[in-house]
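Student: Just passing along the structure, written as structure tokens.
Numbering (the numbering used here), first residue to last: -12 to 219.
As structure tokens, then:
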């Protein structure tokens, strides 16, 4: 939980200079927070920490599955086609659900995230998914933090992982070894300079200055115990 709080603190710092009075943070993962899967569960824990941070946020929940384009301030407003309602007592009143309108079966990409950011005025986006789920077809136009696993010992410069990772401004690695490998490959200490000029190269201008830290999977044991007791 301490590591998760450090991720929340990083987000607070990154959006503290935003112009808007009410900071807008988008949390993007595969589905809704009460549905099956560890990514949804741990992103939900992050949303609760942000909501209790003492800073007023507009926290938007964005699924990568198609959802009719729109802004839904309550769960009751969300189109219910194929969507299971949250369990009784499951708190979602701190979330705004944003429909991405991606009903064409297309690939998730930086350009699609940028379009959502422009449309909804996001100050920061946090993604939680496997590295290669997002195609870096253009630079991110707003700060984006990736909370991600790494399924290899290193990040080779010729790998797909490298070309995705270098796009992010912040990386929260799900393991210590992943954090070390990603820090070595794309951390803020890596310079992309044109030889002899001292100026950023074309690659340097395209990439974010990634801050890398270790933030593990999160499990709420109290909630699991209560669900088991209630028979959920």
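From the three backbone atoms N, C-alpha and C, an ideal C-beta is built for every residue, glycine too.
Three Cβ pairs or more, each shorter than 8 Å: is that satisfied between the region 99 to 107 and the region 74 to 81?
Tutor: Touching, no.
Student: Run through DSSP, which three-state label would residue 192 get?
Tutor: Its pLDDT being 49, under 50, residue 192 is placed unreliably in this model, and the coordinates cannot settle the point.
Student: Count the other CB atoms, across all protein chains shown, that sit within 10 Å of the CB of residue 110; report buried if there are 16 or more and exposed otherwise.
Tutor: When all chains shown are included, residue 110 counts as buried.
Student: Please report the straight-line C-alpha distance between residue 67 and residue 55, rounded to a whole angstrom.
Tutor: The straight-line gap from Cα to Cα measures roughly 10 Å.
Student: Does any residue of chain C have a CB that is nearer than 8 Å to the CB of residue 206?
Tutor: Given the protein chain composition of this structure (a single chain), no chain C is represented.
Student: From the DSSP secondary-structure annotation, give me the bridge partner or partners of residue 220.
Tutor: Any question about residue 220 goes unanswered here, given that the chain covers just -12 to 219.
Student: To the nearest angstrom, how far is it from the Cα of residue 195 to the Cα of residue 217?
Tutor: In this prediction, residue 195 has a pLDDT of 45, which is less than 50 and means its spatial position is unreliable; nothing more can be read from the coordinates.
Student: Name the residue from 36, 138 and 18 whose alpha carbon lies nearest to the alpha carbon of residue 73.
Tutor: That would be 18, whose Cα lies nearest to the Cα of residue 73.
Student: Along the beta strand (DSSP E) that carries residue 9, what are the first and last residues, could you check?
Tutor: Here residue 9 belongs to no beta strand (DSSP E), and DSSP marks it neither H nor E.
Student: Nearest CA to the CA of residue 114: which residue from 151, 175, 207 and 146?
Tutor: For residue 114, the nearest C-alpha among the options comes from 151.
Student: Near residue 164, which residues of its chain fall below 8 Å by C-beta distance, leaving aside the five closest residues on each side in sequence?
Tutor: Taken in chain order, the residues that qualify are 137 and 140.
Student: To which residues of the same chain is residue 174 closer than 7 Å at the C-beta, ignoring the five residues directly before and after it?
Tutor: The residues are 197 and 199.
Student: Whose CA, out of 133, 106 and 71, lies closest to the CA of residue 86?
Tutor: Among 133, 106 and 71, the Cα nearest to that of residue 86 is on 106.
Student: Can you tell me which of 52, 212 and 47 puts its alpha carbon nearest to the alpha carbon of residue 116?
Tutor: The shortest C-alpha separation from residue 116 is found at 52.
Student: Can you give me the Cβ contacts of residue 123 inside the same chain, cut-off strictly under 7 Å, excluding the 5 residues immediately before and after it?
Tutor: 97, 150, 151 and 154.
Student: Provide the residue(s) that pair with residue 96 in DSSP beta bridges, ordered along the chain.
Tutor: Answer is 122.
Student: Of the residues 167, 57 and 205, which one's Cα is nearest the Cα of residue 28?
Tutor: For residue 28, the nearest C-alpha among the options comes from 205.
Student: Assign residue 148 to one of two classes, buried (16 or more other C-beta atoms within 10 Å of its C-beta) or exposed (fewer than that).
Tutor: Answer is buried; the Cβ neighbour count reaches 16.
Student: What are the uninterrupted segments assigned as beta strand (DSSP E) that are 3 or more residues long and contained completely in the region 57 to 81, given in chain order?
Tutor: You should have 57 to 59.
Student: Would residue 94 and residue 60 be called neighbours here (beta carbons separated by less than 8 Å)?
Tutor: No, Cβ-Cβ distance for residue 94 and residue 60 is not below 8 Å.
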